[in-house]
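Numbering (this note's numbering), first residue to last: 28 to 207.
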């Protein structure tokens, strides 16, 4: 029924608001979606909604709140063993670490590698691509351009469609930069 999709739709709406720069409003709407999911007992969805919340906090420049949301999402994952959004949790943690301090490179790299490893195991190609793009960007900053290019090109070449999606456009732009 509609109630099952309502928390998801609400949170997605809030996330879209936050990504467009309406941070406070968006975050409030995502939190509303989370409250609805808690009320309906959709635990496994809550982890992904928390990822949306973390991303909104990250964009709003509130890294501590973002870290808290990701920690809560991981805790849900630990309770339920396999969590489909786990690669995204690790990827976002890596992004946050880098945003907080560039000296967090080693820890961020571990987060991206963990995200890739889990996403590969889940055969979640789009999340492999997303985390690999993050990792390639980091490797490039570390002066490992060839390694970054080879790694990203390999994953990018898996795709035969969807080239108008944000993730593939982002990966393509980075590849062109690495080739340049």
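C-beta atoms are modelled at their ideal positions from N, C-alpha and C, and glycine is treated no differently.
Which first and last residues belong to the alpha helix (DSSP H) in which residue i is found?
i	result
residue 129	From DSSP, residue 129 is part of no alpha helix (DSSP H); its letter is neither H nor E.
residue 180	172–183
How big is the Cα-Cα spacing for residue i and residue j?
i	j	result
residue 203	residue 97	32 Å
residue 229	residue 80	A query on residue 229 cannot be resolved here, the shown segment of the chain reaching from 28 to 207 and no further.
residue 122	residue 66	30 Å
residue 78	residue 116	6 Å
residue 163	residue 52	33 Å
residue 155	residue 40	25 Å
residue 72	residue 110	9 Å
residue 205	residue 62	43 Å
residue 28	residue 76	Its pLDDT being 47, under 50, residue 28 is placed unreliably in this model, and the coordinates cannot settle the point.
residue 198	residue 118	15 Å
residue 171	residue 177	10 Å
residue 89	residue 35	23 Å
Which of the three DSSP states is assigned to residue i in this structure?
i	result
residue 161	helix
residue 47	coil
residue 104	helix
residue 169	coil
residue 192	coil
residue 227	Since the first and last residues shown for the chain are 28 and 207, residue 227 lies out of range.
residue 112	coil
residue 28	Residue confidence for residue 28 is low, a pLDDT of 47 falling below 50, so the modelled location carries little weight; the figure read from the coordinates is stated next. In this structure, residue 28 counts as coil in the three-state DSSP scheme.
residue 150	coil
residue 87	coil
residue 69	coil
residue 37	helix
residue 53	helix
residue 60	helix
residue 207	coil
So residue i and residue j are in contact, right, with Cβ under 8 Å, and what is the actual spacing, rounded?
i	j	result
residue 124	residue 138	7 Å
residue 84	residue 54	7 Å
residue 37	residue 68	Residue 37 to residue 68, Cβ: 16 Å. No contact.
residue 74	residue 45	Not quite, the Cβ-Cβ distance comes to about 18 Å (not below 8 Å), so this is no contact.
residue 248	residue 194	The chain is shown only over 28 to 207; residue 248 falls outside these bounds and no answer can be derived.
residue 179	residue 201	6 Å
residue 159	residue 143	6 Å
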